[in-house]
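Let me begin by presenting the structure, written as structure tokens, before commenting on it.
This is the structure:
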């Protein structure tokens with residue numbers, strides 16, 4: 001997305017009209033329109049005011065992605081009770097079918113044993129509880145994946 005589209009999406013997400021934004025920033029509605037159509041750009045002070053108005057950092061405003069923002073909000077609002085009701089393997093298997101079948105192909109028990117040792121090491125070495133140690137290892141795997149994917 002371009003900056004104008006980001007500004008438009010962020011404003012819509014907040015439920016504000018161009019008039020309302022213009023009034024809060026002390027500019028005309030036409031100025032807001034020009035920013036949102038990339039005809040002109042807000043200066044850095046105006047951009048910062050927009051970010052504050054929309055509840056975003058300046059970086060988030062520049063790279064605003066309504067879909068990502070919505071996903072983050074859903075995650076933040078999801079209770080632990082709801083999280084525990086979801087069969088995450090089944091949900092992710094819809095996107096990644098390997099998750100539905102790997103149990104029949106992979107020596108899961110062998111890998112579980114190795115992973116349990118890694119978890120125990122992280123818990124012991126850093127004093128993390130089981131969940132935190134699991135999340136750390138998950139994140140390390142994610143970083144490793146990103147490195148390999150970007151080669």
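In full-length UniProt numbering, the protein residues as written are 1 to 151.
We put the CB at the ideal spot given by N, CA and C, even for glycine.
What is the C-beta distance between residue 69 and residue 12, in whole angstroms, given that I count them as a contact (C-beta under 8 Å)? By 1-based counting over the chain shown, the position of residue 69 is 69. By 1-based counting over the chain shown, the position of residue 12 is 12. That belief does not hold up - the Cβ atoms of residue 69 and residue 12 are roughly 11 Å apart, past 8 Å.
Go ahead and label residue 9 buried or exposed: buried means 16 or more other beta carbons lie within 10 angstroms of its beta carbon, across all protein chains shown. Within the chain shown, the letter at position 9 stands for residue 9. Answer is buried; the Cβ neighbour count reaches 16.
Tell me which residue opens and which closes the alpha helix (DSSP H) that residue 119 is part of. One-based indexing of the chain shown puts residue 119 at position 119. Residue 119 -> alpha helix (DSSP H) spans 108 to 126.
If residue 39 and residue 29 are in contact, beta carbons under 8 Å, what's the gap, nearest whole angstrom? For the purposes of this step, residue 39 is identified with residue 39 of the chain shown, where counting begins at 1. For the purposes of this step, residue 29 is identified with residue 29 of the chain shown, where counting begins at 1. Not quite, the Cβ-Cβ distance comes to about 13 Å (not below 8 Å), so this is no contact.
Considering only residues of the UniProt domain "HTH cro/C1-type" (9 to 61), which uninterrupted alpha helix (DSSP H) runs meet the minimum length of 4 residues and lie entirely inside it, listed in chain order? 18 to 25, 29 to 36 and 44 to 53
Beta carbon of residue 32, beta carbon of residue 47: below 8 Å? Sequence index remark: in the chain shown, residue 32 carries index 32 (1-based). Sequence index remark: in the chain shown, residue 47 carries index 47 (1-based). Not closer than 8 Å, so no.
Can you check which of these residues, 27, 64 and 15, is closest to residue 7 by C-alpha distance? The sequence position of residue 7 within the chain shown is 7, counting from 1. Residue 64 is the option with its Cα nearest to residue 7.
Considering only their Cβ atoms, is the gap separating residue 57 from residue 66 smaller than 8 Å? Stepping through the chain shown from its first residue, residue 66 is reached at position 66. Stepping through the chain shown from its first residue, residue 57 is reached at position 57. Not in contact: residue 66 and residue 57 (Cβ atoms no closer than 8 Å).
Report all residues from its chain with a CB closer than 7 Å to the CB of residue 132; omit the five preceding and five following residues, and keep chain order. The sequence position of residue 132 within the chain shown is 132, counting from 1. Taken in chain order, the list of residues that qualify is empty.
Run of the alpha helix (DSSP H) containing residue 103, from where it starts to where it stops: Against the chain shown, residue 103 aligns to sequence position 103. That residue, residue 103, is in no alpha helix (DSSP H); it is neither H nor E in DSSP.
Cβ neighbours of residue 54 in the same chain (closer than 6 Å, five flanking residues each side left out): Locating residue 54 in the chain shown gives position 54, where the first residue counts as 1. Closer than 6 Å at Cβ, skipping near neighbours: 10 and 14.
Helix, strand or coil: how does DSSP classify residue 77 here? Counted from its first residue, the chain shown places residue 77 at position 77. The answer is helix: DSSP assigns residue 77 an H, G or I state.
Starting from residue 91 and walking both ways along the alpha helix (DSSP H), at which residues does that stretch end? Mapped onto the chain shown, residue 91 falls at position 91. Per DSSP, residue 91 belongs to the alpha helix (DSSP H) from 88 to 95.
How should residue 92 be labelled, buried or exposed, when 16 other C-beta atoms within 10 angstroms of its C-beta is the threshold for buried? As a position in the chain shown, residue 92 is number 92, starting the count at 1. Exposed, by the Cβ-count rule.
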